[in-house]
Amino acid sequence: MLLMNGLKALLRGENVIFKAVIHPNDDSALQIQQRNKLQRTPHWNLAVEDFILRYLNDAAKMKGAEGNFELGSALFLYNSETPCIVLGRNQNTFAETSLQKLAHLDREILSSSAPLVVRRRSGGGCVYHDSGCLCFSFIGDRKYYNPCENLKVIESAVHQSFNKIFFSSSRRLTRTSAKIHTTIGPRHDLFLNGKKITGSAMRMLQGSAYHHGTVLVTSDIANVSRYLKPLKFQNDAVSVLTKGTPSVRSPVTTLAAEGRACSNAVISDGEIFQHVIESIRQSFEVNETTSKGRTLCHVVDLLEDGGAELKDISGRIEQGINEISQWNWTFGENPEFTISILHDSNVPPFTITGRRTVARLVALGLKKVVISVKHGRITSFEMESRDRPCEQGLLEAIHGYLNGRPFRRECILAESTKPLNESEIMMSNKTQTYDKEGKDNFTCLLELICDACNL
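So this is what it looks like as structure tokens:
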């Protein structure tokens with residue numbers, strides 16, 4: 006069943022489950038995707054979701070004018086083969102992730118394996134997507150918007166799949182009294198045995214809305230903890246002060262980890278993933294039948310149908326991909342923030358972040374560098390030396406150069422060829438020395454600042 010046919014079914018009041026799911030162990034699905042030459046990225050997932058939302062919003066407006074039909078409910082299930090950090094609409098990339106910290110520990114390794122940073126259109130907190138994270142999106146008429154009901158669908162599916170996988174009579178439990186306990190939190194999160202397994206967020210248009218979230222099925226928990234940490238730590242030399250919405254952090258777990266802790270069942274990650282998908286499908290259908298009396302539900306596999314059929318609407322989807330993959334959206338939409346590079350004499354230089362970078366800044370006599378950014382552009386720049394105020398000439402030169410520039414490395418270093426004399430770069434402490442390595446001090450100082458901020 007093609008995507009547009011699925012959308013038309015929604016206009017008839019029928020329910021549709023759209024799927025775009027590939028687990029690493031699912032070779033057949035990978036072959037289908039490769040055959041259809043479908044370039045599925047995290048941005049593609051979000052663009053398709055937004056396309057369905059806007060399609061239903063337009064339909065809801067027509068319904069309001071004509072008043073003669075009922076919209077069906079859509080459930081979009083997808084995952085991301087490419088690991089990515091997905092931030093809420095009003096969050097700050099520098100305050101929410103630890104990519105800045107990790108890059109200084111191993112920039113070369115990080116650059117090849119670091120997850121993408123993606124900003125979504127909904128609010129809420131920062132989450133980590135990988136192939137073991139199943140994402141869900143309930144999309145439909147705004148009047149039926151009910152995140153609590155949606156989470157009960159997910160909660161029921163978690164219990165159902167957990168029992169099938171780990172509690173069946175054919176599999177022996179390692180703890181005879183093993184049980185799972187789930188709770189729904191006030192922020193529409195789902196907790197499994199006291200640890201977070203699902204986070205969610207919402208977006209509403211005039212006539213339609215979606216409630217989407219994640220289910221940590223077989224995700225790499227080490228990476229969740231590794232990347233989803235704010236930049237500010239007690240002994241870090243880099244800190245961020247922002248007006249952005251902070252994430253509320255909780256201990257996390259996966260369904261697979263909890264199940265394997267109480268069962269000796271031998272089952273692959275791929276099998277667990279498929280069980281969860283099937284359980285969500287069944288739970289969704291039961292809920293729609295019970296609450297709205299809808300018994301007909303179609304399943305649309307976008308990976309199988311999408312290669313050819315998506316060409317009909319590729320323009321709108323490509324537009325959505327382009328909008329959310331631009332630097333101006335991902336980083337330029339950061340709420341106003343100030344990033345500080347500090348050296349406390351009581352703390353070894355950059356005990357965690359960028360040891361060598363701070364050591365070189367300290368060698369220049371610097372104690373403090375503060376950069377303010379608004380709409381992705383530098384609005385102010387301050388420096389302090391350890392012994393006395395920085396020479397005004399240097400401060401004015403740097404501030405004049407940086408003011409108004411996008412807060413990104415290539416823009417900061419694009420024209421940094423103006424040489425400053427030794428007295429300016431050495432500031433007031435004439436005893437400090439600095440190896441210029443063939444570059445003028447002005448450029449070197451800017452490079453060090455970029456390194457400290459991981460630009």
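Residues in the sequence shown are numbered from 6 upward in steps of one, following my numbering. Backbone N, C-alpha and C fix where the C-beta goes; we use that ideal spot for every residue, glycine too.
The beta carbon of Leu58 is closer than 8 angstroms to those of Ile144, Arg208, Leu210, Ser213, Ala214, Tyr215 in its chain, skipping five residues each way along the sequence. Ser244 counts as buried, since no fewer than 16 other beta carbons sit within 10 angstroms of its beta carbon. Distance check between Ile170 and each of Ala100, Asn228, Thr98, Gly275 places Gly275 closest, using alpha-carbon atoms only. Spatial neighbours of His380 in its own chain (CB-CB distance under 7 angstroms, excluding positions within 5 residues in sequence) are listed in chain order as Gly337.
Out of Ile285, Arg265, Leu233, the CA that lies nearest to the CA of Pro256 is found in Leu233. Counting only unbroken stretches of 4 or more residues, the alpha helix (DSSP H) elements lying wholly within the region 248 to 327 are 260 to 265, 274 to 297, 307 to 314, in sequence order. DSSP places Phe141 in the strand class (E or B) of the three-state scheme. Judged by pairs of C-beta atoms under 8 angstroms, the region 140 to 160 does not touch the region 118 to 127, as fewer than three such pairs exist. With a 10 Å radius around the Cβ and a threshold of 16 neighbouring Cβ atoms, Gln96 comes out buried.
Burial check for Arg124: the Cβ neighbour count within 10 Å reaches 16 or more, so the residue is buried. The beta carbons of Val305 and Lys24 sit about 7 angstroms from each other, so the pair counts as a contact at 8 angstroms. Residues Lys372, Lys373 of the same chain have their beta carbon placed closer than 6 angstroms to that of Glu389, with the five preceding and five following residues left out of the count. Beyond the five residues adjoining it in sequence on each side, Arg126 comes within less than 8 angstroms, by CB distance, of Leu51, Asp55, Arg94, Arg208, Ile329 in the same chain, given in chain order. A distance below 6 angstroms between beta-carbons, with the five flanking residues on each side excluded, links Gly409 to the following residues of its chain, in chain order: Arg382. Distance check between Leu260 and each of Leu197, Leu80, Ile285, Arg413 places Leu197 closest, using alpha-carbon atoms only. In this structure, Asn20 lies near Glu293, with their beta-carbon atoms less than 8 angstroms apart. The shortest CA-to-CA distance from Gly320 to any of Val229, Gln331, Trp49 is the one to Trp49. The region 264 to 272 makes no contact with the region 131 to 139; the number of CB pairs closer than 8 angstroms stays below 3. The C-alpha of Thr448 is placed about 12 angstroms away from the C-alpha of Ala402.
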